[in-house]
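Asker: The opening residue of the sequence shown carries number 12 in my numbering; numbering runs sequentially from there.
Pasting a structure here, questions to come.
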Amino acid sequence: MSAGVNNAGMTVSLSKALQGSLRGDMTARTAAEPALLIGAGGWLGAAMLAQLLGAGHARVGAWVERSMGSTHRGVVGLRWDEILRGDDAWRGACAYIVLERAGLVGARDAVFGAPRPERLLDIAQGLRQAGVRRLVLVLPHLAGSLPEALRHGFADRNEQMLATLGFEQLLIVRSSREAEGSAPGSSWLQRFAALWWAQLKWMLPSEERPLRSVALARVVVAASRLLRERSGSVFVLPQQAASRALHDADGIDAALRRLWP
């Protein structure tokens with residue numbers, strides 16, 4: 012009888028050991044995942060780059076249109092044709108596309124390629140063909156302007172098409188932004204609209220107000236890290252959920268785990 016008990020115990024121990032080994036292999040595999048940043052210019056792009064460099068990726072690459080200076084340590088600059096080539100070093104990567112371009116200034120931002128919304132599908136298709144495994148898309152919208160029905164699902168046909176490209180996982184992050192001020196020489200209607208949006212932000216719930224770039228980047232990278240270990244192919248992180256996660260007393264990771272149990 013004791014031998015039977017021992018054998019059962021050995022079986023359970025072996026099962027646990029194998030499970031632990033598999034979890035360890037998954038952790039090692041996801042920690043070694045390369046990251047590609049498409050849209051590293053501007054305030055949010057710079058914040059995303061800083062977060063990715065500290066996230067434990069095997070390597071971090073960024074789309075550039077000219078040679079980078081020595082100030083971008085730890086970042087591998089890749090021209091678009093180099094990304095499309097699909098080198099083994101970047102296969103299985105997680106790509107981040109940042110469409111927010113606020114704060115573009117100086118020579119630093121001129122180095123990085125700027126993804127345009129109308130080219131989104133072409134960019135995503137190129138990344139998938141190059142061997143990118145997961146895609147994270149950061150989409151800005153005017154604060155308070157997105158209907159409730161669109162906050163947790165696809166907002167247009169382009170987003171629906173992204174889900175058909177074959178990525179193992181797609182994360183869409185909806186980030187609210189402030190309206191741009193009226194340019195010199197703009198019409199009275201444009202000036203009125205800019206003033207109206209400026210006043211509206213003070214009437215918005217705190218969860219719908221734009222997050223600072225550094226704060227939003229923290230949430231985006233944390234969400235991507237968490238979802239590496241989750242099943243499922245399409246996830247949407249609305250502005251309100253990102254804001255709640257940032258201010259959660261238990262921390263960002265705990266808040267996101269409750270969102271995606």
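We put the CB at the ideal spot given by N, CA and C, even for glycine.
For the beta strand (DSSP E) that Ala73 lies in, which residues bound it at each end?
Answerer: Val71 to Trp74 is the span of the beta strand (DSSP E), which, as asked, contains Ala73.
Asker: Three-state secondary structure (DSSP) at Pro128?
Answerer: Correct three-state label for Pro128: helix.
Asker: Exposed or buried, Ser187, counting other C-beta atoms within 10 Å across all chains shown (16 or more means buried)?
Answerer: Counting Cβ neighbours within 10 Å, Ser187 comes out buried, since at least 16 surround it.
Asker: So the candidates are Arg223, Ser244, Ala253 and Ser242; which of them puts its Cα closest to the Cα of Ala234?
Answerer: Measuring from the Cα of Ala234, the nearest candidate turns out to be Ala253.
Asker: Could you check which residue in Arg268, Arg90, Val231 and Arg127 has the C-alpha nearest to that of Trp74?
Answerer: Minimum Cα distance to Trp74 is reached at Arg90.
Asker: Would you kindly work out how many angstroms separate the C-alpha atoms of Arg130 and Arg241, rounded to a whole number?
Answerer: Near 29 Å, if we compare the C-alpha coordinates of Arg241 and Arg130.
Asker: Give a yes or no on contact between the segment 259-270 and the segment 174-182, applying the rule of three or more CB pairs nearer than 8 Å.
Answerer: Output reads no: the segment 174-182 does not touch the segment 259-270.
Asker: Flag this pair as touching only if the segment 91-104 and the segment 254-264 have three or more C-beta atom pairs under 8 Å; answer yes or no.
Answerer: As far as the Cβ criterion goes, the segment 91-104 does not touch the segment 254-264, which means the pair count is below three.
Asker: Between Arg229 and Met59, what straight-line distance do the alpha-carbon atoms span, to the nearest angstrom?
Answerer: If you take the alpha carbons of Arg229 and Met59, they lie about 8 Å apart.
Asker: DSSP state of Arg145, grouped into three classes?
Answerer: If DSSP states are grouped into helix, strand and coil, Arg145 belongs with the strands.
Asker: So, helix, strand or coil for Ala226, using DSSP?
Answerer: It is helical.
Asker: Would you kindly work out how many angstroms separate the C-alpha atoms of Gly52 and Ala256, rounded to a whole number?
Answerer: Going from the Cα of Gly52 to the Cα of Ala256 covers about 25 Å.
Asker: Following the continuous alpha helix (DSSP H) through Gly97, name the residue where it begins and the one where it ends.
Answerer: Counting along the chain, Gly97 falls outside any alpha helix (DSSP H), and DSSP gives it neither H nor E.
Asker: Tell me whether Arg332 sits in a helix, a strand or coil according to DSSP, three-state version.
Answerer: Outside the displayed range of the chain (12 to 272) lies residue 332, so it cannot be described from this structure.
Asker: Hey, quick one: how far does the alpha helix (DSSP H) through Arg252 stretch, first residue to last?
Answerer: For the record, residue 252 in the displayed sequence is Ala; it is not Arg. Taken as a continuous stretch (DSSP letters only), the alpha helix (DSSP H) holding Ala252 covers Gln250 to His258.
Asker: Short of 6 Å in beta carbon distance, which residues of its chain neighbour Arg144, apart from the five on each side in sequence? Order them along the chain.
Answerer: Closer than 6 Å at the Cβ level, and outside the excluded window around Arg144, lie Gly103 and Glu179.
Asker: Considering only the alpha carbon of each residue, which of Gly97, Ser78 and Glu44 lies closest to Val71?
Answerer: The candidate whose alpha carbon is nearest that of Val71 is Glu44.
Asker: From the DSSP output, which residues share a beta bridge with Phe123?
Answerer: Looking at the DSSP assignment, Phe123 forms a beta bridge with Val75.
Asker: In this structure, does DSSP put Ala265 in helix, strand or coil?
Answerer: Ala265: helix per DSSP, three-state reduction.
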